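Asker: Shown below is the structure under consideration.
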Amino acid sequence: MEAGTRWLSRGFSTNFDWVHSIGTTVESSQNDFQNNFETHAYLEFPYDVKISYNHQCILITDFLTHQLLVCDLMNYSPKAYIDAPSDFPTRMYIEKNYEKQRDALYLMCRNGSIVMLMKYDLELFLKAKSLRDDEERNSIHSSGFIWKTTNCSMQAFVVNTALKRVMGCDFGESCLKILNSENGEFLHKIQFTNVPFAIDLAKDDIVII
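End of the sequence shown = 202 in the working numbering, gap-free, step of one.
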């Protein structure tokens, strides 16, 4: 719910009325999309979706086109396609107000057996056209790249901003991996007898796995 420029918290209504769809249907041609970019988004394999209220956008990873679709939060119209830094972008996480009113984007990509997790300044990320050159960089530059790590074969992850920790489930190793959210450094892992597959944060920093 919006009041002026403030977004107010509101409980989930459990009302599943359809509001809007983003992306063309399978039957729609890409040529039609290219001719109507301002109103139609083209998606082949949408994998994850996140919202940034600070930057008024919806982000969608497209696994098969190796891109991220950026849509306007208010009218859902496509604003840009951004090439992912590596093949097959998958999971994302938005860290709110990581620097004043700027959000950070955590982006996971798969390239064969290699899984990479990257952190970006979202404001600068949204101005980028391609991130293909970023994986060799080690500092923030024009596309907002902050850090990356390959020590992260995780299927789902969250960020605890108070503790400055990235926590991710690795079902291959049956563990929870903990990273430093400021630099991507691997800190430690917690082993499980069962296989962790999903994770979320509740109130009071309670972790649900």
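In this text, a Cβ means the ideal position worked out from N, Cα and C, and glycines have one as well.
Only a predicted model underlies this, so the values are computations on that prediction, with no experimental measurement involved.
1) Which residues mark the beginning and the end of the beta strand (DSSP E) in which Leu100 is found?
2) Which of the three DSSP states is assigned to Leu61 in this structure?
3) So the alpha helix (DSSP H) Leu36 belongs to, where does it begin and stop?
4) Against chain E, with Cβ distances strictly below 8 Å, would Tyr113 count as a contact?
5) Leaving aside the five residues before and after Phe118 along the sequence, list all residues of the same chain whose C-beta is less than 7 Å from its C-beta, in chain order.
6) For Thr7, does the count of other Cβ atoms within 10 angstroms reach 16, so buried, or fall short, so exposed?
7) Of the residues Met85, Asn47 and Tyr40, which one's Cα is nearest the Cα of Glu92?
8) Figure out for me which residue from Val152, Asp65 and Val159 has the closest Cα to the Cα of Met44.
9) So, using beta-carbon positions, are Lys170 and Gly161 closer together than 8 Å?
10) Which of the three DSSP states is assigned to Lys120 in this structure?
11) Would you kindly work out how many angstroms separate the C-alpha atoms of Val159 and Ile75, rounded to a whole number?
Answerer: According to the structure shown:
1) Arg95 to Asn104
2) strand
3) Run containing Leu36: none; DSSP gives neither H nor E here.
4) This model lacks chain E altogether, as it is built from one protein chain only.
5) Leu98, Ser136 and Gly137
6) exposed
7) Asn47
8) Sequence inspection shows Ile at residue 44; the Met mentioned does not correspond to that position. The shortest Cα separation from Ile44 among Val152, Asp65 and Val159 belongs to Asp65.
9) yes
10) coil
11) 24 Å
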